Amino acid sequence: MLSAESQATPFVKKYITKQEIVKKSSLTVYDVKDGFINRIPDYKSTIDNAGKYLELYEIEVKEVTVTLDLETSYTLGL
Numbered sequence: 001m002l003s004a005e006s007q008a009t010p011f012v013k014k015y016i017t018k019q020e021i022v023k024k025s026s027l028t029v030y031d032v033k034d035g036f037i038n039r040i041p042d043y044k045s046t047i048d049n050a051g052k053y054l055e056l057y058e059i060e061v062k063e064v065t066v067t068l069d070l071e072t073s074y075t076l077g078l
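Using UniProt numbering, you'd call the opening residue of the sequence shown number 1 and step up by one each time.
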């Protein structure tokens, strides 16, 4: 596994902090397509037409911050 900074694409780097570990998945989009399509049926045409160009990344998160409103937030270790 490499650090988020060394392996993530510029788009992915925009949304991660130093606490996450990002690695390119050994799975393909086709391996997990049913999960995507179950949540968003319109993804079927995207995967069918552009799946070979899509890359799948796994992001390991050790801690998250949940913000409920302007005054309430929690940090949770996973």
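Glycine included, each C-beta is placed from N, C-alpha and C at the ideal position.
Only a predicted model underlies this, so the values are computations on that prediction, with no experimental measurement involved.
- Cβ shell of GLU20 (< 7 Å), same chain only, five flanking positions each side left out: Here residue 20 refers to the residue found at position 20 when the sequence shown is read from its first residue. Annotation for GLU20: ALA4, ILE59, GLU60, VAL61 place their beta carbon closer than 7 Å to its own, counting only its chain and skipping 5 residues before and after.
- Message: For a test of the three-state rule: what should DSSP assign to GLU20, helix, strand or coil?
- Response: As a position in the sequence shown, residue 20 is number 20, starting the count at 1. Residue state, collapsed to three classes: coil.
- Message: Which same chain residues end up closer than 8 Å to GLY51 when comparing Cβ atoms and leaving out the 5 residues on each side of it in sequence?
- Response: Within the sequence shown, residue 51 is the residue found at index 51, counting from 1. Here the set comprises THR28, VAL29, TYR30, LYS33.
- Query: Ends of the beta strand (DSSP E) at THR75?
  - Reply: On the sequence shown, position 75 is the one that residue 75 refers to. From DSSP, the beta strand (DSSP E) with THR75 extends over 72 to 77.
- Straight-line gap, MET1 to SER25 (C-alpha atoms, nearest Å): Translated into the one-based positions of the sequence shown, residue 1 becomes position 1. Translated into the one-based positions of the sequence shown, residue 25 becomes position 25. Low confidence applies here, because MET1 scores a pLDDT of 45, under 50, leaving its location unreliable and the question unanswered by this model.
- Query: Residue range of the alpha helix (DSSP H) that TYR53 falls in?
  - Reply: In the sequence shown, residue 53 corresponds to position 53, counting from 1. Taken as a continuous stretch (DSSP letters only), TYR53 belongs to no alpha helix (DSSP H), as it is neither H nor E.
- Query: Per DSSP, ASP69 is paired with what?
  - Reply: Within the sequence shown, residue 69 is the residue found at index 69, counting from 1. Partner(s): THR72.
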